[in-house]
Amino acid sequence: MRKQLSLVCFLAVAQLLFAQKKPITTPVYKDAKAAINTRIADLLQRMTLEEKAGQLNQLNGGVFTGPAVNDAGQMGKVQMVREGKIGSFLNVTGVKETRNIQKVAIEESRLGIPILFAFDVIHGYKTIFPIPLAEACSWDLPQIEINSGIAAKEAAAAGLHWTFAPMCDISNDPRWGRVMEGAGEDTYYGSLVAAARVKGLQGNLDDVSHILSSVKHFAAYGAVEAGREYNNVDVSRTALWNKYLPPYKAAVDAGAATVMNSFNVVDGVPASASHFLVEEVLKKKWGFKGLVVSDWGSFGEIIPHGYAVDEKDAAYKAISAGSMMDMESKVLVKYLPQLVKEGKLTMKQVDDAVSRVLYFKFKLGLFDDPYRFSDEARETATLFSAANRAEALKAARSSIVLLKNQNNILPLKKTSRIALVGYYAKSKEDMFDFWIANGSANDAVSVQEGLQARFGKGSVDYTPGYKADASTDDRLVSDAVASASNADVVIAVVGISGKLAGEERSLANINIAEGQVRLLKALQQTGKPIIVLVNSGRPMVLTQIQDLAGAIVQCWILGTETGNAVTDILTGAYNPSGKTVMSFPYAVGQIPVYYNHFNTNRPAPETGDGAWKSRYRDIPNNPLYPFGYGLSYTTFDYSGLQLSNAQMDKNGKVTVSVSVKNSGSYDGEEVVQLYIRDITASVVRPVKELKGFRKIWLKAGDSETVSFVLSGKDLSFYDGDGNVKLEPGKFKIFVGGDSKNTLEVPFELK
Ligand code: GLC
């Protein structure tokens, strides 16, 4: 007995000594000196299956300041954070809000895994920039990168880690409200813009001024049939590879951290559950190592698509396809543990997804300092700063496209008495689109304010001319006519409210409203010069007003600095340089109409008899305004297009050069555009494809020789399996100031 007692005592003492001597070790995942992958591995082995499912669960947030944090407020989301069931919130913004709920995750959950905060910062957070479609019309990639950088800086200062941008969907259908979010109809240019936006948003992700980007909507969401939101997509494989996929790839190659599944099917399979898109293309072919997040509810919507029988099946199919984080459908947090326990999914599949979420939480430094994005002083100093607004003004001015300027009615004379007509000239809320983020319409400068600041209130007489819904009446028209009769010039703002631009804003009718047409006709009767400004988040059909105005200026949706940018253009303080990146249809029935179309078996002649050719009997085939078109207050003449060599082999290069002369009386910028055509190939190729551009500035009277170098890469295309093809044969090379009026020269690839 005695011996046993002494042994027990000995063991107890030994354990005590050991316990005291054993240093208190920090878990590796909390060790800032350890490599990220080591920390991920350590954390994964500590997590329960339920906690892993929680990391893949992204919910729409709410208000977490005040009493909500201390009770089961927010539908129990605070409690879910305590239980490790939420990995990310979207729509929780501001330092106070994000910090409050982050504190719950860090201090009250078992493992203290930080939350990722995401928000749709599509074209600015507080300082609102031109919509992406407008911004793309600047053809100024450095400025586009700056714009995204400022959006990221403001968002990061507001406690955010992630935005769901850039949208990289190529679209030819202005009935679709979301054309405003992209970079227009061209794949080559859309790819460059996508990369610039990723770089602007992310930088190197090594500071608190940049945030995770999200390449969306993967893939081909811009091809929704008839421009109807959430509608079917059915594109050929060659179209998928050549037209729709390259901008997503460019964004991934630029280092995009995350990719968002699109709502649509591709080849009959919902993108969220498409093994072809996510595993084969994105991960294997493109080597994407980041995080794939669903679109809102899109995992659960695999069911109404008719591809999953229930939520558990939807969860299984999404993860099996290689998708990862579940935005708002909650199917993973409900069924993932069960699917693993039933052996339907492997822990490796789960760990691969969770490790990508954890990677970015480590990469952003959130484990080491969960509140590093939560600095109220920085938030106050950064948001809506004068410097940010100055960049927004530069961006807005260069986004504006001058479509018509008969007899040089513009720029305005300094002493003009202006009749400013149009509800949208004053209504700030109609100047903004669905993606206004945390911007405030009241912060914006309206067209009326911009003009009054420049010409004086007494020189700008405003009448609404039509109502908020764009309808008009006799009184509104007569008031506008009376105002016009006392003025030197009429500036009429028409178009549609920005509230009809963005998600779930498809329109079957994109003509200028009848009320506005009636108003313009009445104003034309006054004989005064008429300048029309078009406020819209898409190319509208302007055919009906084409002859009702001496000048037409496409102003898109320009954001905070609208009025100042428009005034700079109208006064000539800035010579318009924008070129449209989307064709303006001649009629709705013509849609889709775009420049890089196939030739067809019976191309209609530009003029003359179109019998038995591909044409309409009642309208022209050409759009009202083509891709790449935009006027300046000066003119640019192109001459002397020549090639360094008229042919080359697959490994060769050819230098294309052209002389551009500013033949007018204003200094100005020109976007010199280079197109090719592969005349004959193993899959038919478009009649023109943009393969280069240069935005140049020329003093009045000056000339410049602009050169481009083309190599085999520029002449290649994809076959239906995504293989790059470069085929010998005849080509044409075009250079000009838009996609229609070009010089051309033959070329041959041997
Ligand atoms: C929306 C949009 C997507 C957006 C997301 C979060 O449904 O399709 O572009 O980022 O939900 O708001």
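As numbered in our numbering, the sequence shown has no gaps in its residue numbers, which increase by one up to the final residue, 758. Where is the CB? At the ideal position from N, CA and C, for every residue including glycine.
Sixteen is the threshold: since fewer than 16 other Cβ atoms of the shown chains lie within 10 Å of the Cβ of Thr688, the residue is exposed. Distance from Ala258 to Ala203 at the Cβ level is roughly 5 Å; contact confirmed, criterion being Cβ atoms closer than 8 Å. Non-local C-beta neighbours of Ala476 in its own chain, meaning closer than 8 Å and more than five positions away in sequence, comprise Tyr431, Ser435, Asp438 and Ser505, ordered along the chain. Using a cutoff of 7 Å, the CB of His225 counts as near ligand 1, since one of the ligand's heavy atoms is closer than that. Around the CB of Gln460, 16 or more other CB atoms lie within 10 Å, so the residue is classed as buried. Rounded to whole angstroms, the gap between the alpha carbons of Ile518 and Asn543 is 12 Å.
In the DSSP secondary-structure assignment, Tyr683 is bridged to Leu698 and Phe742.
Placement of the Cβ of Phe172 at a distance of less than 7 Å from at least one heavy atom of ligand 1 is found.
For ligand 1, no non-hydrogen atom lies closer than 7 Å to the CB of Asp177.
Taking C-beta separations shorter than 7 Å and ignoring five residues to either side along the sequence, the partners of Ser407 in its chain run Pro138, Ala142, Glu143, Cys145, Ser146, Trp564, Leu566 and Gly586, following chain order. With fewer than 16 other Cβ atoms inside 10 Å of its own Cβ, Thr33 counts as exposed.
Less than 8 Å divides the Cβ of Ile310 from the Cβ of Ala281. Ligand 1 has no heavy atom closer than 7 Å to the beta-carbon of Glu697. Residues of the same chain with a CB within less than 6 Å of the CB of Ser156, apart from the 5 flanking positions on each side, are Arg205, Gly208 and Leu209 in chain order.
The beta strand (DSSP E) runs lying completely inside the region 535-591 and spanning 3 residues or more are 538-543 and 559-564, given in chain order. With contact defined as three or more Cβ pairs closer than 8 Å, the region 700-713 and the region 610-617 are not in contact. The DSSP assignment places complete beta strand (DSSP E) segments of no fewer than 3 residues inside the region 116-145 at 124-127, in order along the chain.
By the 16-neighbour rule on beta-carbons within 10 angstroms, Pro547 is buried. Judged by DSSP in its simplified three-state form, Ser199 adopts helix. Here Asn609 is exposed: its Cβ has fewer than 16 other Cβ atoms, across all protein chains shown, within 10 Å. At a threshold of 7 Å, Leu98 counts as near ligand 1, since its beta carbon sits closer than that to one of the ligand's heavy atoms. Taking a 10 Å sphere around the C-beta of Pro694, we find 16 or more other C-beta atoms and assign the residue as buried. Glu309 has its CB no nearer than 7 Å to any heavy atom of ligand 1. Closer than 7 Å to some heavy atom of ligand 1: that does not describe the Cβ of Asp477.
Between Leu418 and Tyr197, the C-beta gap is not smaller than 8 Å, which leaves the two residues out of contact.
Put simply, the region 554-564 does not touch the region 644-659. Fewer than three CB pairs are less than 8 Å apart. Relative to the non-hydrogen atoms of ligand 1, the Cβ of Trp304 comes within a distance shorter than 7 Å of at least one. Asp441 has its CB no nearer than 7 Å to any heavy atom of ligand 1. Between Lys733 and Pro754, the CB-CB gap reaches or exceeds 8 Å.
For Phe370, the enclosing alpha helix (DSSP H) covers residues Met355 to Lys371. DSSP lists Ile560 as the beta-bridge partner residues of Lys412. Per the C-alpha coordinates, the member of Gly235, Gly700 and Val540 positioned closest to Gln414 is Val540. Distance from the C-beta of Glu614 to the nearest heavy atom of ligand 1 is not below 7 Å.
Between the C-alpha atoms of Arg380 and Leu718 there is a straight-line separation of about 46 Å. Taking a contact as a CB-CB distance under 8 Å, the pair Ala573 and Arg425 does not count as one, their CB atoms being some 22 Å apart.
Partner residues in the beta bridge of Pro754, as assigned by DSSP, are Lys740.
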